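Residue numbers (the numbering used here): 1148 to 1258. Glycine is no exception: its CB is placed at the ideal position from the N, C-alpha and C atoms. Keep in mind that this is a model prediction, so the values were computed, not measured. Data first, discussion second: the structure below is written as structure tokens.
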């Protein structure tokens, strides 16, 4: 994961890169333990990435996550709540367009 973040930083040096965790249900632990373990490992790796220009978005929502009847996939309510939480966190950033050699690149700068 750190290598992926380094490649993204090298490719987009003037941008802010945002990472976030994926929520896992208890049902996924029971029905698909290997997948749940892998997602938790990924989450741990993501939160341990510390490098300039890479920020972390909190995906924990008030009231917890709600899942489809299968107990694994988010319901639309959860997806909307997480998206709204990300948007609240991103409000401290404003898009700025910076010209580069081969066109225009979108970057995110703090206010």
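- Looking at the DSSP output, residue 1171 bridges to nothing.
- Boundaries of the alpha helix (DSSP H) around residue 1228: 1223 to 1237.
- By the neighbour-count definition (other C-beta atoms within 10 Å, threshold 16), residue 1194 is an exposed residue.
- With fewer than 16 other beta carbons inside 10 angstroms of its own, residue 1154 counts as exposed.
- In the three-state scheme derived from DSSP, where H, G and I count as helix and E and B as strand, residue 1164 is classed as strand.
- Proximity of the stretch 1163 to 1180 to the stretch 1217 to 1224 meets the contact definition, three or more beta-carbon pairs being nearer than 8 angstroms.
- When secondary structure is reduced to three states using DSSP, residue 1214 falls in the strand class.
- Taking a C-beta distance under 9 angstroms as the contact criterion, residue 1149 and residue 1192 qualify as a contact pair.
- The beta carbon of residue 1156 is closer than 6 angstroms to those of 1200 in its chain, skipping five residues each way along the sequence.
- Counting only the Cα atoms, residue 1181 lies some 36 angstroms from residue 1238.
- Residue 1226 and residue 1152 have their C-alpha atoms some 24 angstroms from each other.
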